[in-house]
């Protein structure tokens, strides 16, 4: 693995805390793909899909706005709520 840690948190708790290959997300500044050793940033997330790759394949999560912080090989996403989706954006899981 790349050493990039993804942590996704909602008011219901920690949804994910896992090492990933990359994270792709939609911010107000545009679409962004984050790899290990990415520059530190803070941005606002749009309503959209967060895509990330793990050793088990590519995963998709729909987030309802939020904040993104990248710092020292950690990606932190704070969102009001989220749910799992497939690669076409179709809901496949319960709201978290």
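In our numbering, the protein residues as written are 1 to 96.
The C-beta atom is built at its ideal place from N, Cα and C for all residues, glycine as well.
- Straight-line measurement puts the Cα of residue 24 at about 13 Å from the Cα of residue 5.
- Inter-residue distance for residue 3 and residue 68 is about 18 Å (C-alpha atoms, whole angstroms).
- Counting the other Cβ atoms within 10 Å of the Cβ of residue 34 gives 16 or more, which makes it buried.
- Cβ-Cβ distances below 7 Å link residue 43 to 27, 28, 29 and 68 in the same chain, with the five nearest sequence neighbours on each side left out; the list follows chain order.
- Taken atom to atom, the span from the alpha-carbon of residue 63 to that of residue 18 is near 17 Å.
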